[in-house]
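Chemist: First residue of the sequence shown? That's 1 in the working numbering, and the numbers climb one at a time after it. Note that CB positions come from ideal geometry on N, CA and C, so glycine has one too. Note that the structure is a prediction, hence the values are computed from the model and not measured. After the structure tokens below, expect a handful of questions from me.
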Amino acid sequence: MIFEGCRFDYSYLQGFRAVGGLAFVNCSFRESTFEAARLPGSVFVSCSLAGTEFIGCDLRGCDLRGNNLEEVRGLASLRRVIVDPDQLPQLTTAMVRDFEIELKDRPR
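Below, the structure written as structure tokens:
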């Protein structure tokens, strides 16, 4: 199944399951929440996931390369997803926030 050009902004997608291939192309999920979603092996192409929260999701093998992951929340659900190196700064920022890591300068 392919969702193309859809707007899921501010949606709450609980228990969303993919059986077989699933692709989201040019979709927006800004400030949405996926809870207990099962989307292994799904593909997101040119989507905005900015501010999206993932709670207890199974996204193994999900291809998130090239998507906007700014301010994504729920990094534990992103275990074993596929991203590209350019997305690492976005995920680093999310990690600092999710794990409540305190950043301080070294004492001199």
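Throw me the rounded Cβ distance for the LEU69 and LEU91 pair, which I believe falls under 8 Å.
Modeler: Position 69 of the sequence shown holds residue 69. Position 91 of the sequence shown holds residue 91. 6 Å between Cβ atoms; contact.
Chemist: So, VAL83 versus ARG97, is the Cβ gap smaller than 8 Å?
Modeler: Taking the first residue of the sequence shown as position 1, residue 83 is located at position 83. Taking the first residue of the sequence shown as position 1, residue 97 is located at position 97. Not in contact: VAL83 and ARG97 (Cβ atoms no closer than 8 Å).
Chemist: Across which residues does DSSP place ARG17 in a beta bridge pair?
Modeler: Against the sequence shown, residue 17 aligns to sequence position 17. Beta-bridge pairing links ARG17 to ARG38.
Chemist: Note down, in chain order, each residue of its chain lying with its Cβ closer than 6 Å to the Cβ of GLY51, except the 5 sequence neighbours on either side.
Modeler: On the sequence shown, residue 51 is found 51 positions in, with the first residue counted as 1. Result list for GLY51: ARG30, GLU31, GLU71, in chain order.
Chemist: Straight-line CA distance for ASP86 to ASP105?
Modeler: Along the sequence shown, one-based indexing puts residue 86 at 86. Along the sequence shown, one-based indexing puts residue 105 at 105. Using only the alpha carbons, I get a separation of about 25 Å.
Chemist: So for SER46, helix, strand or coil by DSSP?
Modeler: Here the question's residue 46 lines up with position 46 in the sequence shown. SER46: coil per DSSP, three-state reduction.
Chemist: Going by C-alpha to C-alpha distance, which of ARG73, GLU53, LEU75, PHE99 sits closest to SER109?
Modeler: The shown model of the chain, from 1 to 108, leaves out residue 109, and the question about it has no answer.
Chemist: Tell me whether THR92 sits in a helix, a strand or coil according to DSSP, three-state version.
Modeler: Numbered from its first residue, the sequence shown carries residue 92 at position 92. In the structure shown, THR92 sits in a helix (DSSP, three-state: H, G or I).
Chemist: Per DSSP, ARG7 is paired with what?
Modeler: Position 7 of the sequence shown, counting from 1, holds the residue named residue 7. Per DSSP, SER28.
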